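J.: Protein chains in written order, with our numbering: chain Y, 3 to 635; chain G, 1201 to 1284.
Cβ atoms here follow ideal geometry from the backbone N, Cα and C, with glycine treated the same way.
This one's a predicted model, so the numbers in the text were calculated from it and none came from an experiment.
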Ligand SMILES: Cc1ncc(C[n+]2csc(CCOP(=O)(O)OP(=O)(O)O)c2C)c(N)n1
Ligand SMILES: [Mg+2]
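#1: Under three-state DSSP, which class holds residue 467 of chain Y?
#2: Quick check: the Cα distance between residue 414 of chain Y and residue 460 of chain Y, rounded to an integer number of angstroms?
#3: Using only Cβ atoms and a threshold of 5 Å, which residues come within that distance of a heavy atom of ligand 1? Order them by chain position.
#4: Rounded to whole angstroms, how far is the Cβ of residue 322 of chain Y from the Cβ of residue 256 of chain Y, which I believe are closer than 8 Å?
#5: Please state the DSSP three-state secondary structure of residue 254 of chain Y.
#6: Specify, as a first and last residue, the run of the beta strand (DSSP E) that residue 143 of chain Y falls within.
#7: If I follow the unbroken alpha helix (DSSP H) through residue 1236 of chain G, where does it start and stop?
#8: Quick check on the DSSP output: what are the complete alpha helix (DSSP H) runs of length 4 or more inside the stretch 480-535 of chain Y, in order along the chain?
#9: Check whether the Cβ atoms of residue 595 of chain Y and residue 524 of chain Y lie closer than 8 Å to each other.
#10: Cutting at 7 Å between CB atoms, please list the residues of its own chain near residue 1226 of chain G, excluding the five before and the five after it.
#11: Quick check: residue 42 of chain Y and residue 67 of chain Y, are their CB atoms within less than 8 Å of each other?
#12: Alpha carbon to alpha carbon, how far is residue 166 of chain Y from residue 128 of chain Y? Give it in angstroms, no decimals.
#13: Within 10 Å of its beta-carbon, does residue 29 of chain Y have 16 or more other beta-carbons around it, so buried, or fewer, so exposed?
#14: Using a Cβ-Cβ cut-off of 8 Å (strictly less than) and excluding sequence neighbours within five positions of residue 575 of chain Y, which residues of its own chain qualify?
#15: Rounded to whole angstroms, how far is the Cβ of residue 248 of chain Y from the Cβ of residue 302 of chain Y, which I believe are closer than 8 Å?
#16: For residue 439 of chain Y, count the other beta carbons within 10 Å of its own beta carbon; 16 or more makes it buried, fewer makes it exposed. Which is it?
#17: What does a CB cutoff of less than 8 Å around residue 1207 of chain G pick up in its chain, not counting 5 residues either side in sequence?
#18: Would you kindly check if the distance between the Cβ of residue 289 of chain Y and the Cβ of residue 428 of chain Y is under 8 Å?
#19: On a Cα-Cα basis, can you pick out the residue from Y/117, Y/304, Y/292 that is closest to residue 600 of chain Y?
#20: Is it a yes or a no for the stretch 455-469 of chain Y touching the stretch 615-622 of chain Y, going by three-plus beta-carbon pairs under 8 Å?
#21: Does the CB of residue 1251 of chain G have a neighbour CB from chain Y at under 8 Å?
#22: Taking only beta-carbon positions, decide if residue 1230 of chain G is within less than 8 Å of chain Y.
#23: Taking just the CA atoms, how far does residue 556 of chain Y sit from residue 420 of chain Y?
#24: Within 7 Å: the Cβ of residue 169 of chain Y and any heavy atom of ligand 3?
#25: Which residues share a DSSP beta bridge with residue 347 of chain Y?
#26: Would you tell me roughly how many angstroms separate the C-alpha atoms of residue 152 of chain Y and residue 454 of chain Y, rounded to the nearest one?
#27: Taking Cβ positions only, does residue 1218 of chain G come closer than 8 Å to chain Y?
#28: Given a cut-off of 8 Å, decide if residue 1236 of chain G and residue 1213 of chain G are closer than it, judged by their beta-carbon atoms.
#29: Across the stretch 107-115 of chain Y and the stretch 129-149 of chain Y, are there enough close Cβ pairs to call them in contact, namely three or more that are closer than 8 Å?
#30: Name the one or two DSSP bridge partners that residue 211 of chain Y has.
#31: When the Cα atoms are used, what is the spatial distance from residue 552 of chain Y to residue 517 of chain Y?
#32: Taking the C-alpha atoms as reference points, what is the distance between residue 376 of chain Y and residue 328 of chain Y?
#33: Please state if the CB of residue 170 of chain Y and the CB of residue 2 of chain Y are separated by a distance shorter than 8 Å.
#34: Pairs of beta-carbons, one from the stretch 96-109 of chain Y and one from the stretch 473-491 of chain Y, closer than 8 Å: are there three or more?
#35: With a threshold of 16 other CB atoms inside 10 Å of the CB of residue 1242 of chain G, please say whether the residue is buried or exposed.
#36: Between residue 627 of chain Y and residue 432 of chain Y, what straight-line distance do the alpha-carbon atoms span, to the nearest angstrom?
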């Protein structure tokens, strides 16, 4: 790296330090520390209570500093304040950090080595970006002087991650390391959350520094935009025009996304619905943002959403979009989404989402919780109470009827175990209060459809990226975030194989994670698409000849409760025993390999063309399969 | 409204490692072709000025401007449509 560039960097990145008053001076300010010790101290200051990662040459100074920190700062009960959980593969560490973040709302932290350690982290970073999950990922890097020399275990992390993450820092100047770390946390958790990668060359970790105990990098553009959004108050005129439009509506609907969960607005949403009586459907990412057992809840919408939610979207005349983005699994054909809606309103913290896919009639860019509370205040002050006035009585009756007539349903008489029945049996015991993680495929959609979700942060699933292998490590991370909660990974035989090494991580750390493997001997979701679009040619999606014995595999990894369920009659008892077991438990259920996911709105189709299958009542004759085109994804 | 026209964007950028790559990468990954790009120093050594031109309809350009404003090291983006 040319010398002048380093000098320029040092100049530019002059840290922003506000003069500290004696009161808030960090007790360790002015202490001599290595770069690695500075990293660990900032992690501790940020409230990190667990990290996930795998060691290697370029990150060893940090690992050593973590070891020493834990040895010298034991908790009262003797446990480590900063336990570093070791996965089988860095991808596992990334998804553990993401599972932790999704279940807790706090920033998940992963620490990995350079080169392959960092590149194994690309998938979880991209996955977290796509689902707006806050992470800080610290990667070791080769020494500053070796960057660009094709050194051993060198990878262009800032370039690779720059394209995937919310932001990436390459710290070539040790004097800004401390401020950079702190800024990484700030960026990860503020605004629309996301993953931030900090690439730290080994010599920077070894540099002798003086700890400041305060200070962030100047990122004036980001902070100014953030301040604008955070201080944006919905004014009286905005409230008035919103309620004016709502007053004209007879069939208003709320379409709520993951943003409601990310912004902690679920309680505000509940209050809003209590006041104004708008029924709610959520996106897949928004499951739990509104109690799915509420009479006004329509569960989730979209490609595999409930038929009644999708019909309600067809029927509504007003849509209030909250922290959702009309993605292609929801609005495959944006022009035909909510075709009868005369007014679409949208609230989001990200200005780029307003009107990105669908033009809206009214919008507010700002914090969701505050916006909903502001609308409630305005409504109360102006005597707006459509619910109490019975304005939506007919609409509510219509919603109740849609839920009754078009309820989820399946083949109850089949000899084979139906996956839906498995989830229903678990849900009867957990009652919508277990934390559920999933792989990707049919089992993921069944888990989304057939479980209740009564509160936010109980549904952990790779929504936007759809990453197979997410479920097991995410469940591990979630169990670290919620030690007393029931955490269940609903997984597929294909998906679980992707991070199968993490089975051992469950037993190594003695986590009471419950794993349900819905085994349909293959990539069921792929087969479903091949049935629909490729005349049933099951290219590489059938695994009936694969020989893996999952029970032996989990036993080898130390699971003492491991069972294969093959008989329908044993379902209820087995599940009760499985959930009652105190430690890690693994239940493989051999399900009907032909079970499908219904309803289905095919790619490029409107909700009116939704296929509901043989057991869910359809409102109109479903469009024939011939209208599905296989060039649509 | 959907007419494709030439647009000039002026981006004030913090001079951080990789900042220019992130701007260029954003345009590439969202399928915008950069027709011309000029990077210049400013009086403040911490800030550089990018002037780039792209073609697109108004809505597409509004979207890429908003996405550019999400980059952490971007200070300001201004945009003008030029005659085609
Ligand atoms: C990492 C990754 N590779 C490929 C895919 C494409 N894909 C989506 S679902 C699926 C099949 C999943 O099989 P399984 O986990 O057994 O779930 P099932 O559909 O059978 O319930 C595949 C291959 C993906 N989503 N993620
Ligand atoms: Mg399968």
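T.: Checking against the coordinates, here is how it stands:
#1: coil
#2: 28 Å
#3: Y/441, Y/442, Y/443, Y/444, Y/445, Y/468, Y/470, Y/494, Y/495, Y/496, Y/497, Y/522, Y/525, Y/526, Y/527, Y/528
#4: 5 Å
#5: strand
#6: 137-143
#7: Segment 1234-1241 is the beta strand (DSSP E) holding residue 1236 of chain G; no alpha helix (DSSP H) there.
#8: 495-500, 504-510, 526-535
#9: yes
#10: 1267, 1268, 1271
#11: yes
#12: 5 Å
#13: exposed
#14: none
#15: Actually they do not touch by this definition, with Cβ atoms about 23 Å apart.
#16: buried
#17: 1253, 1254, 1255, 1256, 1261, 1279, 1280, 1281, 1282
#18: no
#19: Y/304
#20: no
#21: no
#22: no
#23: 23 Å
#24: In terms of ligand content, the structure shown lacks ligand 3 and carries ligand 1 and ligand 2 instead.
#25: Y/322, Y/364
#26: 51 Å
#27: yes
#28: no
#29: yes
#30: Y/35
#31: 12 Å
#32: 24 Å
#33: Examination of residue 2 of chain Y is not possible in this model, given that chain Y is present from 3 through 635 alone.
#34: yes
#35: exposed
#36: Note that residue 627 of chain Y scores 45 on pLDDT, short of 50, meaning its location in the model is unreliable; the coordinates nonetheless yield the value given after this. Going from the Cα of residue 627 of chain Y to the Cα of residue 432 of chain Y covers about 38 Å.
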